[in-house]
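I have placed the structure first, in the form of structure tokens, so that the comments after it can refer back to it.
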Amino acid sequence: MSTRRTPGSGAPPALLVPAGVGLLFLVLPLAGLLVRTPWATLPQRLGAPGVLPALRLSLFTATAATVVCMALGVPLAWLLARARFPGRRLVRALVTLPLVLPPVVGGVALLLVFGRRGLVGSWLDATFGVSLPFSTAGVVAAEAFVAMPFLILAVEGALRGADPRYEEAAATLGAGGWTVFRRVTLPMIRPGLTAGAVLCWARALGEFGATITFAGNFPGRTQTMPLAVYLAFESDPQAAIVLSLLLLTVSVLILTVLRGRWVGQP
Amino acid sequence: MSRAICPQWTVCRSVVRAAALFAVLGLAMGGCAATKRPAEASATAATGTVTVFAASSLTEVFTQLGRDAEAVNPGLTVRFSFAGSSTLAQQINAGAPADVFASASPATMKQVTDAGGRAGSATVFARNHLVIAVPRGNPKRLAGLADLARPGVKVALCAEQVPCGAAAKTALTAAGVALTPVTLESDVRAALTKLRLGEVDAALVYRTDASAASGEVDAIEFAESAKAVNDYLVVALARAANPAGARVFVAYVRSDAARAVLARAGFQSP
């Protein structure tokens with residue numbers, strides 16, 4: 001960092017001014033949250049029943065959703081970046097669809113497929129007695145649905161940027177496809193993969209619309225922090241502010257630590 | 001003008017101060033200027049646009065009443081924002097540009113009137129009570145609240161923070177039924193949707209909501225609902241940009257013509 005140019009030196013005002021406005025626009029609402037925080041009753045509000053279970057559930061489901069997204073999204077990103085097949089553009093467009101879809105619509109769509117009467121859901125229910133709606137697994141599914149495109153886009157970008165000749169070289173030296181992927185491809189795209197996973201986790205943590213529509217709202221089982229915030233706002237705005245602050249603090253802490261440890265450099 | 005832009009000046013000032021910490025530009029005031037409405041002529045006749053914030057359970061019936069009121073008062077345009085009563089109360093107290101507020105509970109109305117938001121007194125214009133909504137034909141043969149606690153019966157309630165949830169809790173307590181719902185929905189329509197999609201076997205919703213979906217759901221009346229009757233109140237707001245229009249619409253909601261429309265939708269007269 002010290003060898004780089006100090007930020008701002010020689011930066012053209014044409015960039016600095018909109019950058020400053022952009023920063024203000026993003027930071028002011030958070031400042032507003034801080035200004036309205038009831039600091040005096042903060043400890044007692046944080047200790048209120050339901051706060052810890054919601055936080056725990058949020059962290060668990062966001063992490064589980066990220067694991068699901070990595071397990072399914074990395075192979076999908078590899079397919080999009082490396083394989084040639086007809087309709088690839090269409091597949092890429094479909095994969096990014098949850099980005100533009102209102103999450104509530106995503107939740108309804110999930111219900112229509114995985115609900116009790118849904119295409120897959122009715123079969124799951126009849127065969128295994130498994131029902132996703134109103135369950136913690138349903139929360140994970142809703143979050144994964146909304147967050148997976150972030151991971152796929154990041155990993156696909158990293159794969160496109162990585163030189164395929166290293167993989168070809170490894171293959172000519174006798175490494176099998178899986179070994180090449182594991183020993184050559186994955187290490188090459190690690191920064192992109194980490195960035196994608198972090199984005200994916202953050203998006204899953206903040207997920208609201210698809211979750212409340214698909215998984216419903218029940219404390220300890222499907223009530224994540226964003227749902228708790230929304231409902232608290234209905235009756236007690238100060239409690240909602242405290243919950244938001246807690247979620248913000250925890251996620252900023254986790255993201256900062258992850259950044260330092262895994263990505264190495266900002 | 002400045003009052004409309006920054007309804008809570010102390011907040012604005014603190015925000016501005018916080019912004020100064022981040023030290024750029026004199027643009028900080030912009031943070032508060034998001035909701036500005038075009039200045040309407042301070043009409044004495046009931047013309048122009050009147051903006052009504054109404055509880056989501058009033059969606060169909062108020063849309064109808066708005067059309068009727070427009071027909072009776074040429075030159076008047078009625079616009080609606082439908083949402084949960086509590087959300088609307090928060091928005092009004094935060095300075096949202098509303099002329100009339102119609103809430104589904106005295107508690108949410110009180111949030112607005114306590115904050116000094118009323119121009120006249122809030123009046124009850126309709127009553128509603130809870131029913132057990134079940135899929136058409138009642139496949140699980142549910143007859144009363146006690147049946148909802150049967151194993152294998154999935155029930156959706158409203159969360160306690162919203163009026164229909166508070167009413168459900170009162171009714172269940174009165175009936176002595178301990179019930180574990182699968183979900184506590186954020187408003188009554190969301191609970192009804194879960195039922196219409198077949199995800200739950202029953203939902204406690206207002207009688208009027210069940211009748212709005214009468215093709216798909218049946219309503220089962222139960223005695224304990226009398227303990228949790230919901231009053232709907234309407235008030236003209238102090239900060240109304242169109243006070244004359246607000247008065248006219250409130251009066252129309254309380255008229256005999258409106259009462260007939262409300263009754264057809266399943267509401268009871270106060």
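Chains as they are written, first to last, in my numbering: chain A, 1 to 266; chain B, 1 to 270.
The beta-carbon is built from N, C-alpha and C at its ideal position, and this holds for glycine as well.
Since the model is a prediction, treat every value here as computed from it, not as a measurement.
In the DSSP assignment, find the unbroken beta strand (DSSP E) run with residue i in it and report its ends.
i: Asp-231/B; result: 230 to 236
i: Pro-135/B; result: 130 to 135
i: Thr-49/B; result: 48 to 55
i: Ile-220/B; result: 217 to 220
i: Val-100/B; result: 100 to 103
i: Ala-202/B; result: 202 to 206
i: Leu-157/B; result: 155 to 158
i: Arg-79/B; result: 76 to 83
i: Thr-183/B; result: 183 to 185
Could you pull out every residue in the same chain whose Cβ sits closer than 6 angstroms to the Cβ of residue i, ignoring the five residues on either side in sequence?
i: Leu-124/A; result: Val-130
i: Ala-158/A; result: Ile-189 and Gly-192
i: Ser-81/B; result: Phe-53
Please decide whether residue i counts as near chain A, where near means a Cβ-Cβ distance under 9 angstroms.
i: Gln-161/B; result: yes
i: Glu-216/B; result: no
i: Lys-154/B; result: yes
i: Ala-98/B; result: no
i: Val-15/B; result: Unreliable placement is indicated for Val-15/B, whose pLDDT of 42 sits below 50; the coordinate value is still reported in the next sentence. Taking Cβ atoms only, chain A reaches closer than 9 angstroms to Val-15/B, which makes this a yes.
i: Thr-346/B; result: For residue 346/B there is no data in the structure shown, the boundaries of chain B being 1 and 270.
i: Phe-22/B; result: Below a pLDDT of 50, predicted positions are generally treated as unreliable, and Phe-22/B, at 39, falls in that range; no measurement from the model is reported.
i: Thr-59/B; result: no
i: Thr-113/B; result: no
i: Ala-102/B; result: no
i: Lys-110/B; result: no
i: Ala-244/B; result: no
i: Lys-140/B; result: no
i: Lys-227/B; result: no
i: Ala-202/B; result: no
i: Gln-268/B; result: no
i: Ala-190/B; result: yes
Between residue i and residue j, is the Cβ-Cβ spacing less than 9 angstroms?
i: Thr-249/A; j: Leu-57/A; result: no
i: Arg-164/B; j: Val-188/B; result: For the record, residue 164/B in the displayed sequence is Cys; it is not Arg. Contact: yes.
i: Arg-127/B; j: Leu-237/B; result: no
i: Pro-270/B; j: Val-124/B; result: yes
i: Phe-346/A; j: Glu-199/B; result: Only positions 1 to 266 of chain A appear in this structure, which leaves residue 346/A out of reach.
i: His-129/B; j: Asn-230/B; result: yes
i: Ala-171/B; j: Ala-228/B; result: yes
i: Gln-64/B; j: Ser-86/B; result: no
i: Leu-58/B; j: Tyr-232/B; result: yes
i: Val-277/B; j: Ala-203/B; result: This structure gives no information on residue 277/B, because the portion of chain B shown stretches from 1 to 270.
i: Leu-184/B; j: Gly-220/A; result: no
i: Ala-175/B; j: Gly-152/B; result: no
i: Ala-54/A; j: Ala-195/A; result: no
i: Ala-223/B; j: Ala-178/B; result: no
i: Thr-61/A; j: Val-139/A; result: yes
Taking Cβ-Cβ distances shorter than 8 angstroms, what residues in chain B pair up with residue i?
i: Pro-43/A; result: Per Cβ cutoff of 8 angstroms: no residues; Pro-43/A is ~22 angstroms from chain B at best.
Listing by chain order, which chain A residues have their CB less than 7 angstroms from the CB of residue i?
i: Glu-327/B; result: What is shown of chain B runs 1 to 270, which leaves residue 327/B out entirely.
i: Gly-84/B; result: Glu-234
i: Thr-87/B; result: Glu-234
Excluding five sequence neighbours on each side, which residues of the same chain lie with their C-beta closer than 7 angstroms to the C-beta of residue i?
i: Pro-149/A; result: Val-95, Thr-96, Pro-98 and Leu-99
i: Gly-266/B; result: Arg-207, Thr-208 and Ser-211
i: Ala-167/B; result: Leu-130, Ala-228 and Asn-230
i: Leu-76/A; result: Val-95 and Ile-152
i: Gly-174/A; result: none
i: Ile-92/B; result: Phe-53, Ala-98, Phe-101, Val-112, Gly-117 and Leu-237
Comparing the C-beta of residue i with each C-beta of chain B, is any distance below 9 angstroms?
i: Thr-172/A; result: no
i: Thr-222/A; result: yes
i: Leu-231/A; result: yes
i: Pro-237/A; result: yes
i: Val-139/A; result: no
i: Asp-163/A; result: no
In chain B, which residues lie less than 9 angstroms from residue i when you measure between Cβ atoms?
i: Phe-218/A; result: Thr-180, Pro-181, Val-182, Thr-183 and Leu-184
Starting from the C-beta of residue i, find all residues in its chain whose C-beta is less than 8 angstroms away, skip the five residues before and the five after it, and write them out in chain order.
i: Val-248/B; result: Ala-46, Val-50, Ala-69, Asn-73 and Leu-76
i: Thr-256/A; result: none
i: Ala-43/B; result: Low confidence applies to Ala-43/B: its pLDDT is 37, below 50, so where it sits in the model is not reliable enough to give any reading.
Grab the span of the alpha helix (DSSP H) containing residue i for me, first residue to last.
i: Asp-125/A; result: 121 to 128
i: Glu-143/A; result: 136 to 161
i: Glu-60/B; result: 59 to 72
i: Leu-76/A; result: 51 to 82
i: Ala-263/B; result: 256 to 264
i: Val-198/A; result: 190 to 205
i: Ala-239/A; result: 237 to 258
Which bits of chain B does residue i rub up against, with CB to CB less than 7 angstroms?
i: Ile-212/A; result: Ser-186
Within 8 angstroms: the Cβ of residue i and any heavy atom of the ligand GTP?
i: Thr-37/A; result: The ligand GTP is not part of the structure shown, which contains no ligands of any sort.
Using a C-beta to C-beta distance shorter than 8 angstroms, which residues of chain A count as neighbours of residue i?
i: Gln-91/B; result: Those within 8 angstroms of Gln-91/B in chain A number zero; the least Cβ separation is about 11 angstroms.
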